[in-house]
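Residue numbering for the sequence shown follows the numbering used here, starting at 3 and increasing by one per position.
C-beta atoms are modelled at their ideal positions from N, C-alpha and C, and glycine is treated no differently.
Below: one structure, written as C-alpha cells.
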Amino acid sequence: AIDPQFQESREQVGEENGVAVWGPVDEPEELGIRGTHVAVDYDLCIADGACLEDCPVDVFEWVDTPGHPESERKAEPTHEAQCIDCMLCVDVCPVDAIDVDAG
Ligand code: SF4
Ligand code: F3S
Numbered sequence: 003a004i005d006p007q008f009q010e011s012r013e014q015v016g017e018e019n020g021v022a023v024w025g026p027v028d029e030p031e032e033l034g035i036r037g038t039h040v041a042v043d044y045d046l047c048i049a050d051g052a053c054l055e056d057c058p059v060d061v062f063e064w065v066d067t068p069g070h071p072e073s074e075r076k077a078e079p080t081h082e083a084q085c086i087d088c089m090l091c092v093d094v095c096p097v098d099a100i101d102v103d104a105g
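Dropping the structure here:
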C-alpha cells in the first residue's frame with residue numbers, strides 16, 4: 003500500500019502536468035508517487051481504472067508509462083484541486099495505490 007507519510011519519507015524531485023513527483027524516480031521502471039492532496043503510487047498502480055470511473059469530480063487522467071513493470075499507464079491526479087474528499091478512490095483501488103489527505 004502507498005505510504006501515507008510519503009511527504010516525510012520521500013523528497014519532491016519535480017513536477018509533471020502541474021502534479022508533484024515524489025522520488026525516488028528511475029524511469030521507466032521506478033516512477034515514484036504523484037500528487038500531494040491526492041497521491042498515487044505509480045509503482046503500485048496496475049491501471050485498474052476504478053479510480054477514473056468512480057471519482058465524482060474527475061480528478062484522474064490516464065498517462066502513458068511504457069516500460070513500467072506493473073502497467074503501461076497510470077492514473078494521474080491531474081485535477082487534485084477539485085477533490086471533495088469522498089474517499090471513494092481510496093476504497094476502490096485494488097492495490098491501495100491512492101492516498102487522500104483529507105486532513
Ligand atoms: Fe475523487 Fe473522491 Fe478520490 Fe477525491 S477522494 S480524488 S473526489 S474519488
Ligand atoms: Fe491505478 Fe488503483 Fe486507479 S490501480 S488506475 S490507482 S484504481
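Residue i Cβ short of 7 Å to the ligand F3S heavy atom set
i     : result
Asp50 : yes
Pro71 : no
Val42 : yes
Val65 : no
Whole-angstrom distance between residue j and residue i, CA atom to CA atom
i     : j     : result
Leu46 : Met89 : 18 Å
Pro30 : Gly69 : 5 Å
Val92 : Gly25 : 21 Å
Residue i Cβ short of 7 Å to the ligand SF4 heavy atom set
i      : result
Asp98  : no
Ile114 : The structure shown does not extend to residue 114, since the chain spans only 3 to 105, so no value can be given for it.
Leu54  : no
Pro6   : no
Original post:
Hey, which unbroken runs of the alpha helix (DSSP H) at 4 residues or more fall wholly within the stretch 52-103?
Top reply: 52-56, 90-94
Original post:
Taking one C-beta from the stretch 50-61 and one from the stretch 6-20 each time, how about it: are there three or more such pairs within less than 8 Å?
Top reply: no
Subject >> Complete runs of the beta strand (DSSP E) confined to the stretch 20-45 [at least 3 residues] >> reply: 21-24, 40-43
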